[in-house]
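Per UniProt numbering, the sequence shown runs over residues 1 to 322.
Don't be surprised by glycine CBs; every beta carbon is placed ideally from N, CA and C.
Everything below concerns the one structure shown next.
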Amino acid sequence: MTPTGYTTFKVSDDVTMYKVTFKNQYKMNVAGHLFIPKNLDRSKQHSALVVGHPMGAVKEQSANVYAANMAERGFVALSLDLSFWGESEGEPRNAVALDIYAEDFSAAVDFLGTRPFVDRNRIGIIGVCGSGSFVISAAKIDPRMKAIATVSMYDMGAASRNALNHSLTLEQRKKIQEEAAEQRYVEFTGGETKYTSGTVHKLDENTDPIQREFYEFYRTARGEYTPKGGSPELTTHPTLSSNTKFMNFYPFNDIETISPRPMLFITGDKAHSKEFSEDAYKRAAEPKELVIVPNAGHVDLYDKTDLIPFDKLEGFFKTNLK
């Protein structure tokens with residue numbers, strides 16, 4: 001396929017891009033983009049990477065930035081849409097389903113590990129933002145993921161339970177749970193689906209700096225993308241009735257059991273999400289590394305290739321996927 005219309009940035013002419021689908025364990029179709037270096041010798045087996053998008057995003061945005069750039073550096077790279085998002089199957093659209101999200105990454109390994117030009121013992125994984133916590137959840141029980149990297153990671157469980165800097169009170173949390181539970185009755189009886197959180201659609205004087213940061217990516221030409229059949233009014237917004245499932249999500253529990261497989265945590269020094277990468281790094285066992293990128297905010301590491309430490313990622317995976 002040609003990248004035009006399927007990425008929010010330019011893909012190198014040295015990379016060939018394919019549209020792929022594969023089944024997860026629940027027999028749902030998962031959509032992906034496969035990036036292969038044009039000079040790859042397909043008679044041999046090579047290392048490969050799976051790349052997951054931020055929560056609420058789709059593969060055409062930052063996941064493809066990472067997959068395309070890593071393919072330029074010699075890796076077979078697969079970006080995917082999580083189930084219920086983008087071109088992957090799942091109803092209702094934009095539902096939160098943590099077990100299925102983790103399963104999608106294992107299914108991506110199934111797909112890559114059965115390609116004749118991929119060495120199934122040399123598959124790594126990259127999770128950006130929310131997918132950082134999803135790939136950790138997957139890697140804890142899937143030892144085929146031989147090296148794990150996260151970028152601008154959000155622990156979606158902690159973020160939902162406590163909000164940033166533990167700013168959400170228990171009373172506020174319970175009110176959110178009550179609203180979501182009542183919405184289940186509405187939807188069970190055929191009522192309208194409601195959506196929550198995500199990125200605002202317009203700015204005003206009261207818009208906080210973090211929302212402005214997301215707005216500049218998701219609501220401008222920089223990173224805006226509406227999947228076929230979707231609505232720009234719903235992009236980034238999970239369903240209200242499913243979003244509280246994040247409150248039962250503890251991806252960093254048992255993170256130390258991933259060892260001795262290596263882990264790399266990348267965050268910006270100005271990232272509002274830095275606390276999550278620092279927490280994961282503290283809990284993880286060796287070998288592990290925390291890289292803090294100077295002058296980088298959270299969303300900067302979605303697509304600003306002058307800030308994203310691709311040399312570090314290349315070295316990490318080349319060293320650990322030998």
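Item, Value
"Segments assigned beta strand (DSSP E), at least 3 residues, entirely inside the segment 30–62", "46–52"
"Burial state of Thr244, where buried means 16 or more other Cβ atoms lie within 10 Å", "buried"
"Contained alpha helix (DSSP H) runs [length at least 4] in the segment 188–237, N- to C-terminal order", "209–218"
"Arg184 classed as buried or exposed, judged by whether at least 16 other C-beta atoms fall within 10 angstroms", "exposed"
"Nonlocal neighbours in the same chain, by C-beta distance under 6 Å from Gly56, ignoring five residues either side", "Gly198 and Thr236"
"8 Å CB neighbourhood of Ala107 in its chain, flanking five on each side removed", "Phe22, Lys23, Asn24, Gln25 and Val30"
"Span separating the alpha-carbon of Trp85 from that of Glu178", "25 Å"
"Pair within 9 Å by beta-carbon distance, Ser160 and Pro251", "no"
"Limits of the alpha helix (DSSP H) - the one that Ala139 falls within", "Ser131 to Ala139"
"Thr150 beta carbon less than 9 Å from that of Ile123", "no"
"Cα-Cα separation, residue 330 to Ser88", "Because the chain here runs from 1 to 322, residue 330 falls outside it and cannot be looked at."
"Bridge-paired residues (DSSP) for Ala149", "Ile126 and Leu264"
"The segment 88–106 / the segment 61–69 touching (three or more Cβ pairs under 8 Å)", "no"
"Run of the beta strand (DSSP E) containing Leu290, from where it starts to where it stops", "Lys288 to Val293"
"Under the three-state DSSP convention, the category Met247 falls into", "helix"
"Cutoff 8 Å; reference Leu164; Cβ partners in own chain excluding five residues on either side", "Ile210, His272, Ser273 and Glu275"
"Extent of the continuous beta strand (DSSP E) run through Lys322", "No beta strand (DSSP E) contains Lys322, which DSSP labels as neither H nor E."
"Cβ distance (whole Å) where Ala95 is taken to contact Ile258 below 8 Å", "About 27 Å; that fails the 8 Å criterion."
"Residues near Leu170 in its chain [Cβ-Cβ closer than 6 Å; skip 5 each side]", "none"
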